[in-house]
Each structure stands twice: as structure tokens, then as C-alpha cells.
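Visitor:
Protein chains: 2
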Amino acid sequence: MINYLFWVIPVCSLVALFFAFIFFRKMLKESEGTDTMKTIASHVRKGAMAYLYQQYKVVIIVFIILALFFAFLAYGLGIQNNWVPFAFLTGGFFSGLAGFIGMKTATYASARTANAARRSLNDGLKIAFRSGAVMGLVVVGLGLLDISVWYLILDNFVDAATESQKLVIITTTMLTFGMGASTQALFARVGGGIYTKAADVGADLVGKVEAGIPEDDPRNPATIADNVGDNVGDVAGMGADLYESYCGSILATAALGASAFVANHDMQLRAVFAPMLIAAIGIILSIIGIFTVRTKEGAGMKQLLRSLGFGVNLSSFLIAASTFGILYLLQIDNWIGISCSVIVGLLAGIIIGQSTEYYTSHSYKPTQNIAHSSSSGPATVIISGIGLGMISTAIPVITIAMAIILAFLCATNFDVANMISANNLSLGLYGIGIAAVGMLSTLGITLATDAYGPIADNAGGNAEMSKLEPEVRKRTDVLDALGNTTAATGKGFAIGSAALTALALLASYIEEIKIGLQHIGKETINIAGKVIDVSAATIPDIMTYFEINLMNPKVLVGAFIGAMMSFLFCGLTMNAVGRAAQKMVEEVRRQFREIKGILTGEATPDYARCVEISTKGAQKEMLFPSILAIVVPVLVGVIFGVAGVMGLLIGGLSSGFVLAIFMANAGGAWDNAKKFIEEGNHGGKGSESHKATIVGDTVGDPFKDTSGPSLNILIKLMSMVSIVTAGVTCAFSLL
Amino acid sequence: MINYLFWVIPVCSLVALFFAFIFFRKMLKESEGTDTMKTIASHVRKGAMAYLYQQYKVVIIVFIILALFFAFLAYGLGIQNNWVPFAFLTGGFFSGLAGFIGMKTATYASARTANAARRSLNDGLKIAFRSGAVMGLVVVGLGLLDISVWYLILDNFVDAATESQKLVIITTTMLTFGMGASTQALFARVGGGIYTKAADVGADLVGKVEAGIPEDDPRNPATIADNVGDNVGDVAGMGADLYESYCGSILATAALGASAFVANHDMQLRAVFAPMLIAAIGIILSIIGIFTVRTKEGAGMKQLLRSLGFGVNLSSFLIAASTFGILYLLQIDNWIGISCSVIVGLLAGIIIGQSTEYYTSHSYKPTQNIAHSSSSGPATVIISGIGLGMISTAIPVITIAMAIILAFLCATNFDVANMISANNLSLGLYGIGIAAVGMLSTLGITLATDAYGPIADNAGGNAEMSKLEPEVRKRTDVLDALGNTTAATGKGFAIGSAALTALALLASYIEEIKIGLQHIGKETINIAGKVIDVSAATIPDIMTYFEINLMNPKVLVGAFIGAMMSFLFCGLTMNAVGRAAQKMVEEVRRQFREIKGILTGEATPDYARCVEISTKGAQKEMLFPSILAIVVPVLVGVIFGVAGVMGLLIGGLSSGFVLAIFMANAGGAWDNAKKFIEEGNHGGKGSESHKATIVGDTVGDPFKDTSGPSLNILIKLMSMVSIVTAGVTCAFSLL
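Chains A and B, in that order, give the protein sequences. Our numbering numbers the first residue of the first sequence as 10 and each following residue consecutively. Our numbering numbers the first residue of the second sequence as 10 and each following residue consecutively.
1. Is GLY538 (chain B) near the ligand PLP, judged by its Cβ being under 7 Å from some heavy atom?
2. Would you list the one or two residues that DSSP bridges to ASN535 (chain A)?
3. May I ask you to report which of helix, strand or coil DSSP gives ASN12 (chain B)?
4. Measuring CB to CB, does GLY152 (chain A) end up less than 8 Å from TYR255 (chain A)?
5. Compare the C-beta of ALA568 (chain B) against all C-beta atoms of chain A and say whether one is closer than 8 Å.
6. Any beta-carbon of chain A closer than 8 Å to the one on PRO718 (chain B)?
7. Going along the region 520-537 of chain A in order, which residues come within less than 7 Å of chain B, judged by CB to CB distance?
8. According to DSSP, simplified to helix, strand and coil, what is ASN6 (chain B)?
9. Measuring alpha carbon to alpha carbon, tell me which of A:THR192, A:ALA472, A:ALA420 and A:ILE110 ends up nearest ILE639 (chain A).
10. Can you tell me the Cβ-Cβ gap for VAL244 (chain A) and GLY111 (chain A), rounded? I've got them flagged as a contact below 8 Å.
11. Using a C-beta to C-beta distance shorter than 9 Å, which residues of chain B count as neighbours of ILE548 (chain A)?
12. Among the residues of its own chain, which have a CB less than 6 Å from the CB of LEU662 (chain B), if the five just before and after it don't count?
13. Between GLN89 (chain A) and ALA80 (chain A), what straight-line distance do the alpha-carbon atoms span, to the nearest angstrom?
14. List, from N- to C-terminal side, the beta strand (DSSP E) runs of 3 residues or more that fit wholly inside the region 418-466 of chain A.
15. Quick one: which chain C residues come within Cβ less than 7 Å of SER382 (chain A)?
16. Excluding sequence positions up to five away, which residues of its chain have a Cβ less than 6 Å from the Cβ of GLY437 (chain A)?
17. Specify the secondary structure class of ASN558 (chain B) as computed by DSSP and reduced to three states.
18. Which residues in chain A sit within 8 Å of VAL218 (chain B), going by Cβ to Cβ distance?
19. Determine, using beta carbons only, whether PHE502 (chain A) comes closer than 8 Å to chain B.
20. Inspect the CB distances between the region 596-614 of chain A and the region 444-455 of chain B and report whether three or more fall short of 8 Å.
21. Quick check on SER664 (chain A) - is its C-beta less than 8 Å from some C-beta in chain B?
22. Counting only beta-carbon atoms, is MET655 (chain A) nearer than 8 Å to chain B?
23. To which residues of the same chain is GLY298 (chain A) closer than 6 Å at the C-beta, ignoring the five residues directly before and after it?
24. Could you give the distance in angstroms between the alpha-carbon of GLY650 (chain A) and the alpha-carbon of ALA568 (chain A)?
25. Can you tell me which of the three DSSP states GLY221 (chain B) falls into?
26. Report yes if the CB atom of GLY705 (chain B) is closer than 8 Å to the CB atom of LEU565 (chain B), and no otherwise.
27. Who are the Cβ neighbours of PHE28 (chain A) in its own chain at under 6 Å, not counting the five residues just before and after it?
28. Check whether chain A comes within 8 Å of SER517 (chain B), counting only Cβ atoms and requiring the distance to be less than that.
29. Quick check: the Cα distance between VAL708 (chain A) and VAL390 (chain B), rounded to an integer number of angstroms?
30. Hey, is ALA208 (chain B)'s beta-carbon within less than 8 Å of any beta-carbon in chain A?
31. Out of B:THR734, B:LEU98, B:ILE570 and B:PRO479, which has the shortest C-alpha to C-alpha gap to VAL71 (chain B)?
32. Would you grab the beta carbon distance between LEU134 (chain B) and LEU456 (chain B) for me? Rounded to a whole angstrom, and I think it's under 8 Å.
33. So, under 8 Å CB-CB, LYS683 (chain B) and ILE670 (chain B) are touching, yes? Tell me the CB distance rounded to an integer number of Å.
34. Give the interface partners of ALA511 (chain B) over in chain A, defined as CB-CB distance under 9 Å, in chain order.
35. Nearest to ILE400 (chain A) by CA position, among B:GLY291, B:ILE395, B:THR402 and B:MET574, is which residue?
36. Do you know offhand how far ILE292 (chain A)'s Cα is from LYS625 (chain B)'s?
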């Protein structure tokens, strides 16, 4: 029966892609509106596509170099699985494809959303949301498809002594395609993030602050670049990012399942399929949720929020209930406990989302306090925003800490007395992994609520530039504001699942080290006088063998370097945005100065030049931080060995997770503090307070849209790189 | 012979106190200048003393509660050493005393420095520097005195089965007084930091930015509070802080020496005395260095810097050379290797100091880039400053990582093959500890170069307010600017030693856990089937017994909470400064509005009200973050046990160290970017660029003087608390 159940996975992925196609086709049939609207949309579309092609050109080179390196390790040195280079490439390809399709859809949808919003709010919402759903469904569809196809291929070709060992090799090999996805995602997030924020900051600083013209005003030379940025950063970047999260959590859990249940092949197979099946059923339930989202004309934020919330909550509730059914059907050991682990993950995601909303929405005290502090100028806005961001890390960290312990204990039947016996450790880590899968199981719909935000934002930009009736802009603004709120929840899931997935990947690293040892011909290890077969070694055995304990100076040094990596990476991306934005500022000022008549509307600004500046800036700046993230884990492995790498990953994970929350929440709160003032508080638009909060918002832009979200990928990519190059660490390490 | 050598320690400490007294007396004999100068100095002195009394009142209550708690643990439950409450109290007392004397000296010295600067730069330097030296010598003198007296007391009263075990108990008990010092230091740094920055930010925002009057202008109501702040924050806070660092590193190393050489009591005694003797000889060499510092009239920054640099370098060079002599004389095993560990520490401190200077001095690119970014407004100043701060963490972290490995390897004779055998682990950790001692051995003079900065700053304030000739102000400005540069080096030593000391404390925690197990009657533990005497258990044994490895979810959860603690703590202190500063801003604005004639100089502002606001703000705000730092380690211990605590400490240490460097360097760079513009670049004083960098400087104030330096203490205090409450963790832990 288990083999039949497997087919549910590719079928559901095809269903996702089918519905994505339907939604896309339906959207395309809508009218793009007036000629001006069409022209603007085509400008943005061209700019975005041009950027993406440029970016893919660079990324392809990186992928080829890495694939050749992996091929050398596999075929030249024989310290790596032969499938690695191929799996790596497909992961990168599909991740890029998900981003590409999402962006293509978004650039087609924005003018159509604006045009539909001329008719009614409901029509606008439907187009924007369904277009967002295209991205959500493409991400989950391509993800599960990639997973199931690779599973079938490897199942046919991999050879091993026993079926159980074969499954371990299959699942760990599949992690390699996770590394491809992570690498692509990092470039997409960093490059897109630099692009969008350079344009945004440049447009705001000169346009809004100096020239005093509104956002998206066609007189601003950077406005097209800004709208292109929303697409390449917030849509394509996010798509690649969440593709990576989704696949990463499923693959890591499958690998943990294969090793936790290695003694019993039948149960092992069930444990490997469980996360995939939960994800597959999640797709169907997401589609159901998507169909329930609709609203009436004249609906305000509250009704819209209720409508979206209903869809998301329905899907979450259904997946919670179905999990018990799926795991019961699978007849997996301790199915009740493992189902509870899934629920723990879902709940943790919701709590983190709520906490994000509390700290970043201007309906609550913290963000209002930032707005209040604007009366003493930009400095106190920055101080209080940084303070808020740092304090806001407490609830998510405690939530994740509790989720880790609870998911672990549920999966091990609350066997507290032997909490970390070898057997419980494997089971418990599987529980942590499947909690991450639970968190992301409704990604189809949560990503739709996330991705439709930038579409609505662009629709607003199009309406503004095409000088449509203010009513239309108002409607798209409502949609956009709503997107900001639902995005908060989405971020909670993304960041929470990143932490849990990274933890699960740590355990996979240990598995991969065992395979690496065998690759270099080390079939047995000597632990405290006992000789143990590497293939049968437990996690605690490996821990003891490599002395991966907290007093080992190699672990400590690794932890320091890991913590530093998060900061260094953020610093590099922050500076990249700063530099690129400054070039944009200078260009916009130049145009205002040299092209007479821009501000009176008599002359057209040179939009293309601004697009070019953002593109070049992003291309130039994205390489170094991204390559650093790939090279450092390898270097640490070669110098400090397995213990150093484990330290690196823990240090990077713990501080990266906290830093990511800090940056995301501080940025969100600054953004909304500005909006709070724009609603008429503390002097309203144009007041000194408003100007002070614009400074906050500008600082927050790279926090929340470049550095912060890239950290999620960084912590997983460092784990993935360590996993894929485990053979190198085993074969060559200095200390 | 070894027992005779011991007496060198108290003798050197008394020599330090003697010279401190001489310098103090000599300074007092100088004239305080005109009546106005005297009045102003007495205002500042009174304000500072009033604040300190207020602060000590609050702190005494906290100390009494904690001492009672420890007494209950010791005498009520019997799970702790009987000496703990007393040692804890003396540590707090002496740390407070060091701050008090330093501040008393500083408040007497500032007017005298200003007055001497009327005669010549050299006279000004001499008074300011010698007064700074009072603090340096008081800190090291009281520190070593406290250590030697407690050693004598415990040596007489402690009972144990063997002499070796007795020494282990003595040295671990003495760590308790380190906790007292850390607690006092945290309150002093946090309270003083909030006070000084609330006043500084408040004075700058309204005075400089809004009213456009210069710094330290007597028309600014917050100016006295600002000058008081320099004393309570930068002098008293720093004194308590470095007293804690100094004692902490010596005590942690002594405790490691006692356990590393437990097999041979004679060698053990030598290993315990070694760090104390290095520190003692360091005092004498610091005094020699202090006497070489002098300069000629008309000397610029460069000559002054060379003069100070000569003193510090001479002391460092002499201590490096003497270390070999001391350890040879002590006839300690592998004396060459251990001496090399000391040199590694010294070098690491110097490199970190140099890197701090590179990133924060406006003679170099990074800070100039921030100044350059000011052309596009405050937002890009903030973005580039945060970027710079984050990037600047790389060199110090890599330096410390290398120092850890090298100090470890030197102390273990580069036995790479058995790098982490039980024996090498103890020896290597001892090497890491003694590297920290090496870093701090010249504290007598480095602290002098640090502490004279605020004195010169206050002297400048006094000159400004007393309307002395601009020439005087110029001279004090040169002294002050110099202080900023030397302070960078000082910060390198403080932060580097904090990381190494915290690592050494981790090992002491393991020792304390062994004592804790014995206190609850657990004399043997069962490890992998073998029964081992707790008193003979090695560090790896304890690691295995408590499963303190990196896949244990309790360790992981602890690491997350530890990383979060650093951020939460910074966020709370940042917000505290923000809130207190805002009250100050409102008050200064109120006075400008309501007291007619302030700005024309016809009416005197109400200085006292501003002093009161800072005092109240600091008192109210310092409690919560400080108590959190004490309570969280205990809570984590009770819930997650020893493994959770170890995770907490590693997570807190790694991310806290990096965060501290980030905040200190970003703050320093903003400060100097502003000064760079004030020197006439990018439009000079009063330009839009200048205003933008003032925003950066204001944000940087709490970064570099409140949150950043407090983190150094936080990471050690959390270790100290864990050590002192190890018995509680052993007796009660849930998981």
C-alpha cells in the first residue's frame, strides 16, 4: 500500500501546477486597461525581465563552477556521491523557475489589478490574490514534483547493501538539490533585495524628502526602477526563498526519518513519505482555502483581513486535522505523537506571526511608541526602532525553544528520563523536522497572501503613474496595506521554519559525515575503546568520536565564526544597499538638475538610466556576500574539522535567527510608524515628525527586505554546504 | 619558595594603592582656577555624588537580597559553600569602591585640568593623565588586594580531604566574589550608561540641533547633567567594569590552574599563583609606563599619541619579557608554552585595538565613507554606520578565534593529535585563561589612558561654561580627541579579554558542577557503564554525563535563549536611553519656552531639574535588564539543567561578543564621522551633512556607551551566576 500512497505526492504537485496554470490563464484574459497603463506595465515588465536575465547569467556561472567542483569531488576524488552535481543543478533550476514564473505572473497582473480595481475592490482583490496564488502553487507544485521525480530516479539507480541503507543514501543525496535551491535563493534574495531597496531608498530620499512629490509619481526618475524592484525583490526573491524553505524542510525531515527508522525498512519508508504526504495534502487544502477568499464592494481592511484570514485559517485547521488521518493511514510508529509534533509546528508559526504583528502593526503600542518618539527627531526614531526590534526577539525565540522541546518530546512519547538516548534523539529530531513541515504545509495559500502584496503595490504604482481616479489608488492601497499585515504572518512561518529546518539539517549533517567517512574508506571508528561500524554509528557515537562537545575549542571557535558570519553578511548587504542607493540618489538629483521641466511635468525623466543603476549595483554587490556564505563552511571544515563545522552552524543558526527577527521587526515597525503618522497622527504628512519617520522607514528598508530575509537562507545554506561537502571535511582537515 | 612568592601579590597591590594615593594628593594640591570654575566643578561633583549614592542605595538592596538567597542555599539547603554570601558581598563592595574613588578623583580633577591647561598643554595632560592613573591603579590595586586577602582567609579556614581538593574549593569559592564584582559592574554600566546618554542625547538634540548652540554651552539646561553623566557613566561605570574584568580573568585562570594540575599539589599552587603574579608584576610595569608619559607645549595629536603610546607599549613589552621570567621562576610545567599563551593574549588585544581604531578613526576609509554618505541625509548615515559596524566584527572575531586556538595549543605543546584529551583540555583552557590575564596585565596604564578621556572632556566643559580663553578649550579638545583614540585600544582589550575570560569561566562552571554534585550527595556518576568518582571526573566525563553535545535539544534551546538574551538586553537598555532622553528633550524644550532669556544669557537655566530627570530615569530603567541577566541563567538551569545552561552561555557569549563589537564600532565611527565633518569636510559645521552625522552620533551614543559595553559584563555575569548557582541546577532541574 505504501507504494501506492507515494503516487499521491506527484499527483498533488501536478494539481497545484494545473490550478496555477488556470489562474494564470484567467488573469491573462483580463484587460490591462488604458494605453498608458499598458505602456507602464510593459516598462516594468521589461525592466524586471532584463534584470532577471542579467542575474541568471551571473548565477549560472556560479552554478557551473560549483557543479564542476562537486563533479571533481565525486568522479575525481571519489569522496562524494555521483548524483550530487545533477541534483544540485536541478534544485537551482527549479528554484529559479519558481521565482521566474511568479514574477512573470506579477508583472502581467499589476496593470490588470489596477484596471479591475477601477470596477470594484472585490475584482481587484480577486485578480491580485489569484495571481499571488499562482506563485504559491507554483512553488509548492514544483517543489514536490522535483522531490518525487528525484526520488523515483534515485530509487531506480542507487545501489546499497540493504534497502534501509539505500534509503538513507537516497534521502541524503536529495539534500543536495536543497543546496541548489538555497544557493539560487540566496542570490535571488540578495540581488533582488539590493536592487529593490537601492531604487526604493533612492526614490524616497530625493523624490519624497527633497522634492516633496508623492510616492510613485511619474516625475520621479527612479519610480519605474522602484516598481521593477518590487517584482525582482519581493516576488522573484521571495519565490526562490520559499521554494528553498519548503523543499529544505521536507528533505531534511525525510533524511531524518530514513536514519531514525533505519532498523525497520518498512517503517523507514513510511517515515520518509510522511512529510511529503503532509505537504501534498496541504496543497489540496490550500487550494480549497484559496477558493474561499472573496470580498464585497466597500469592504474595509477588517472585512478583507477576515476574508483572507478565513482562507488561511481554514487551510491550517484542515491540515491539522488531516495530519492525524495521514499518519494513521501510514501506520507510522507513535503516529499520535508525531501528529502532535506537526501541530506544535503549526501553532509556533501562528504565535510567531502574531508576535510579529503585535510588534510591527501600528494598531499596537510598540510601533505607536516609535511614532511618538519622532517628536524629538530622526535619532530617537532610530534608537527606539532598534530597541523595539531587539526586544521583539524574545517571544519568537521562546516560542521556537518551546516548539523544539515539545516537538521533540511528542515524537519520543515524553520519555523524559531517557530524553537523549540514541534512539530518542533520532526520533525527537525527526519530530522537530516534521514540525517545520507542519509550519510550511499550507504554504500554497500563505504564500499567496504574501505574494499578492507586491502585486497590489505595483497596481497602485501603475494607477498613480497612469493618473487614474484617486478612488482606484485608494482601493489598491487598501489591498496593499492588507498585504503588509498578512506578510507579517507569512514572515513568522518563514523564519520559524528556517530555525527548525536548520536544526534538522544539523542532524542530517551527522548522517552525511557517516557517509563521508565511508567514502574515504573508514568503515569502523573507535569510541572509548569500542570498535563500531560507521554505518551503524548513532548520533551520540559520532558526537563522542569527533568530540563535538561545548568545551572543545574547535567547537567554540566555530561558534564565534558562525555568529560573526550573520553579522558580516548583514553588514555587507546593508552597505551594498547604501552604496547602490547613493548612486541612485545622485542620479535622480542629476536628472532633476539637468533635465529641465521634469518637476513641472513638461519633460520625461530618463527611467532607463535608473533601472540600469539598480541592475548594475545589485549584480556587482550580490556576489561577495553570497560566495562568502558558500566558502566559509568549507574553509572552517578544512581547518577545524567536523567539530568546527558543528560550532559554526550552531553559532550561525542561533545568532542568525535572532538577528533576522530583529531586522525584520525593526524594519516593519519603522514602516508602519511612518504610515501611522501619515494617517494624521503627530502632525500627519509633511510634518517634522513625518520626516523623522521617513528616515526610520528608509533605514528599515534594507533591514526588512534585504539583510533580514537573506539571513533565513544564509543559515540554511551554510548547513547545506556543510552537508554537501562533508566528504571534503572528512578527507582533509587540519586540526 | 612558592609561599614567599605569594607575598609579592599583596605587596604589589599596596604599591599600586600607594601611588594612586600620591597622584591623588598631588592633583588635589593644584588650584581649581577661578570662582566660576570652582562653582561649576562643585555642581558637577555634587550631581555625580548624588547620583552615585542614589544608585548604591538601589544596588545595596539587590545585593542584600542575593546574599540572603545565597545564605539560604548554603546554610538552609546545604547545596553551596558557606563562604559564598560573604565573598559575593566583598566583590560588590570593592568594585563599587573602585568606581567611587575613580569618580571622586575625576570630579576633582576636571577643573584643575582646565586650569592647568591655561598654563600649558603639558600641564593639562599631566594632571588629566595622572588622575586617570589614579583610577587605573585603584582598580588593579583593590583587585589584587581583594584576591590575596580572600586567598589567605580561605587558605586558613577551608577544610578538605587533600590539599589539592582544598585549593580547588578555594579558587572556585573565590569566583563568587567575581560574581559580586560583575553584578556591581552591570548596575554601574547600565545605570551610568543610561544616565549619561539620556543627558547627552537630550542636550544635543535640543541644544545643538534645534537651538544651534555649541556643546557645553551654559545656556543649555542639560549641560551640567551631561557633564555629570561623563563621570557616572564613563568613569564610575568603566571603573567597576574593568575591576570586574581584571578580577574575573585572574580568578577564572586560577580556578582552571587548580583543576588542571590537581594531580600535583605543588604544581597546582604554582599554576594558581601564576596569573596573580603576572598581574602583580604588570602593576609595577604599568607604574613605570605611567611615569614616562609627558609632552612638550605645542604638541599636536601625533606627539601626544606617541607619548601615550610609548608608555603603553613599554609596559606591554616589559610584561611580555617578564612573563617568561616569572613563569621560569615559578618552575611551572611547560613554562615556555604558557608564556607564549600570555603573549598570544597580549597580541590579540593589540590587534583588536588596531582594528577598532581602523574602523572608528576618521583617518581611515570606513569612517570617511560614513561621512561621505551624509550627503544623502541621515538615513544613509545610519545604514552605512550599521553596515560598517557589522563588517567590523570580522577581524576581532577571527583574531579571538586564532588566539583561542593558539593559546590552547601553546599551553599543550602543540599536541594536535590528542588535542582534546582530558589532560590537554584542562591545560589548554588554562592557556586560554592566562591569555586573558596577559591581555589585562597592563590594565594599570591602559585604564589610565582610557579614564583620562572623560576628565579632559569635563575639563573642556568646565572651560566652556566658565568662558575661559578659546585656547584652553582647544587644548582640552586635543586631550579629549586623544582620549578617544586611546579608548579604542582600551576597548579592544576589554572586549577581547571578556571573550577569553567567559570561555575560561565555562570550564570553571564544569568544576563547580562537580562540587555541586557532591553537595547534593552524589559522589559517583555512571558514564557508559563505568562508575567514576565525581571528584576525579574530567571535563570530558562531565560532558558525556550531562550529554552536553551539540545535538542535545536542551543545549540548542539554551543557545537560542542565550543569543536572544544579548539582543533583549541591548534592546531594553536602548529603549531605556530613548525614553529617558525623550524626557530630557521635553524638559529642555520646556525651559527654553518657559524661562525667558535663557538663550540670550539673561536667565540661568534650571540645571538641577535636568540632573534629577537623568537620575530618576537611570534608576528606574536599570533594574529590569540587570535583574533579567541574573534570573535567566538560574531559570534556564532549573528548567533545562546543566546542558541548557552550557548552551545558554555559549549562545550568549558568541552572539554577545559579536554584538558588542558591532555596537561599539558603529557608535565610535558615527562619532568620528561627525568630527570629520566638523573639521571642515563635506560642508563642515552647520551644513546639512553635519546635521545628518549628528543624527548618527546620537544613535551611536547608546550603542557605544550604554548597550555595547554592558554586553561585556552581561556575558561574564551570566557565567558567574551559573557558576554560583550550580548547586541549584544540580539539585533541582526539570528536564
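Where a beta carbon is used, it is the ideal one built from N, C-alpha and C, also for glycine. All of these numbers come straight from a predicted model, not from anything done at the bench.
Guide: Judging by the given coordinates:
1. In the structure shown, the ligand PLP is absent, as is every other ligand, since no ligand is present at all.
2. According to DSSP, which records beta bridges pairwise, ASN535 (chain A) is partnered with A:VAL540.
3. For ASN12 (chain B), the secondary structure class from DSSP, reduced to helix, strand or coil, is helix.
4. Cβ distance < 8 Å, so GLY152 (chain A) and TYR255 (chain A) count as in contact.
5. Yes, because at least one Cβ of chain A sits closer than 8 Å to the Cβ of ALA568 (chain B).
6. False, the Cβ-Cβ gap to chain A never drops below 8 Å.
7. For the region 520-537 of chain A, the set of residues with a beta-carbon nearer than 7 Å to any beta-carbon of chain B comprises ALA537, in chain order.
8. In the structure as shown, chain B starts at 10 and stops at 744, and residue 6 (chain B) therefore has no counterpart that could be examined.
9. For ILE639 (chain A), the nearest C-alpha among the options comes from A:THR192.
10. VAL244 (chain A) to GLY111 (chain A), Cβ: 5 Å. Contact.
11. Taking a Cβ-Cβ cut-off of 9 Å, the neighbours of ILE548 (chain A) in chain B comprise ASN558 and MET560, given in sequence order.
12. Excluding sequence neighbours, LEU662 (chain B) sits near ALA511 and ILE724.
13. Taking the straight line from one Cα to the other gives about 8 Å.
14. Residue ranges of uninterrupted beta strand (DSSP E) with 3 or more members are absent from the region 418-466 of chain A; none lies entirely inside it.
15. Judged by its chain identifiers, the structure shown contains no chain C, and its protein chains are A and B.
16. Result list for GLY437 (chain A): PHE417, ALA420 and THR421, in chain order.
17. Three-state DSSP puts ASN558 (chain B) in a strand.
18. Simply GLY386.
19. Chain B contact via Cβ: absent.
20. No, the region 596-614 of chain A is not in contact with the region 444-455 of chain B.
21. Judged by the 8 Å Cβ criterion, SER664 (chain A) is in contact with chain B.
22. Chain B, which has a Cβ nearer than 8 Å to the Cβ of MET655 (chain A), makes this yes.
23. Excluding sequence positions up to five before and after GLY298 (chain A), its CB lies within less than 6 Å of the CB of GLY320, LEU323, SER324 and ILE454, all in the same chain and listed in chain order.
24. Distance between the alpha carbons of GLY650 (chain A) and ALA568 (chain A) is about 13 Å.
25. In the three-state scheme derived from DSSP, where H, G and I count as helix and E and B as strand, GLY221 (chain B) is classed as coil.
26. No, Cβ-Cβ distance for GLY705 (chain B) and LEU565 (chain B) is not below 8 Å.
27. Shown here for PHE28 (chain A): same chain residues with a beta carbon closer than 6 Å to its own, the five before and five after excluded, namely LEU146 and ILE296 in chain order.
28. No, SER517 (chain B) does not count as interfacial toward chain A.
29. Taking the straight line joining both Cα atoms gives about 9 Å.
30. Cβ-Cβ to chain A under 8 Å: no for ALA208 (chain B).
31. The shortest Cα separation from VAL71 (chain B) among B:THR734, B:LEU98, B:ILE570 and B:PRO479 belongs to B:LEU98.
32. About 17 Å; that fails the 8 Å criterion.
33. In this structure LYS683 (chain B) is not in contact with ILE670 (chain B), their Cβ atoms being roughly 21 Å apart against a cut-off of 8 Å.
34. Near ALA511 (chain B) there are no residues of chain A at all, since even the closest Cβ is about 10 Å away, more than 9 Å.
35. Residue B:MET574 holds the alpha-carbon nearest to the alpha-carbon of ILE400 (chain A) among B:GLY291, B:ILE395, B:THR402 and B:MET574.
36. For ILE292 (chain A) and LYS625 (chain B), the distance between alpha carbons rounds to 57 Å.
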